[in-house]
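Have a look at the structure below, then the notes.
In my numbering, the protein residues as written are 481 to 621.
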């Protein structure tokens, strides 16, 4: 039973895959002549419809150059946001101006220096200089 089913399946596939190509017949001379005549007639009709037009002369237009005018610039005004937390802080109890202090931070003529860092005073603040660029992973207070 299996053998008959297998053979039948093979025969069905062979018959389904076999097809005979259609024979290529050469077109008759009249068909080619008709197509050529139609193409020539169409091209003559298109060329008869297209008529050359005269080129219009170009006119030079004079355009007025705009003169620069002074524009009014608005002066920015400072606006304070009502949600600014600085408004609720009030005034500070103490301020320190290092420029007017005689010996700011205790570093006036004697900066702190060790093997890895140098701390000195500059006008307006402190200058921290790391001596070990690659090994400068440290915290100092």
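Note that CB positions come from ideal geometry on N, CA and C, so glycine has one too.
Counting along the chain, residue 608 sits inside the beta strand (DSSP E) bounded by residues 605 to 610. Collapsing the DSSP output to three states places residue 561 in coil. In the DSSP secondary-structure assignment, residue 602 is bridged to 605. DSSP places residue 486 inside the alpha helix (DSSP H), whose first and last residues are 482 to 497. Residue 591 and residue 599 do touch by the CB rule: their CB atoms are close to 6 Å apart, below 8 Å.
For residue 549, there is no enclosing alpha helix (DSSP H), as DSSP marks it with neither H nor E. Residues of the same chain with a CB within less than 7 Å of the CB of residue 608, apart from the 5 flanking positions on each side, are 597 and 599 in chain order. Around residue 499, the same chain offers no residue with a beta carbon nearer than 7 Å, after the five sequence neighbours per side are excluded.
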